[in-house]
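Residue numbers (the working numbering): 1 to 120.
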């Protein structure tokens with residue numbers, strides 16, 4: 001990826017990338033949960049996220065889906081579609097409750113950060 005004038009110089013680039021990934025992780029969980037308010041299988045979930053400006057690679061998405069399911073936030077089932085077995089994911093009842101709480105938290109946090117950054 002070519003550098004732009006907004007890119008941090010030298011060692012700051014590595015630090016920036018680490019912090020950027022840290023920011024993205026929390027947002028990604030919320031985005032996946034939000035997108036799974038309607039059922040998707042992995043490919044259509046990745047595509048829907050990318051179409052909304054949040055591309056995610058398979059190596060990140062599938063472990064996240066397994067973790068969210070093990071935490072009881074998602075349910076999944078294997079079904080045949082287009083002559084192929086696909087695993088479909090959706091929010092569990094607990095996931096529906098948690099996503100509502102997380103959305104409220106996200107909005108409050110976003111508003112607070114926006115106010116802080118406006119003071120610059």
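Note that beta-carbon positions come from the ideal geometry of N, C-alpha and C, so glycine has one too.
Sequence-distant Cβ neighbours of residue 54 in its own chain, meaning closer than 6 Å and more than five residues away, are 31. Across the set 57, 81, 93, the C-alpha of 57 shows the shortest separation from the C-alpha of residue 24. From the listed residues 119, 41, 83, 93, the smallest Cα separation to residue 77 is found for 41. The DSSP-derived three-state label of residue 70 is helix. Counting along the chain, the unbroken alpha helix (DSSP H) around residue 105 starts and ends at 93-118. Taken through DSSP and simplified to helix, strand or coil, residue 47 comes out as helix.
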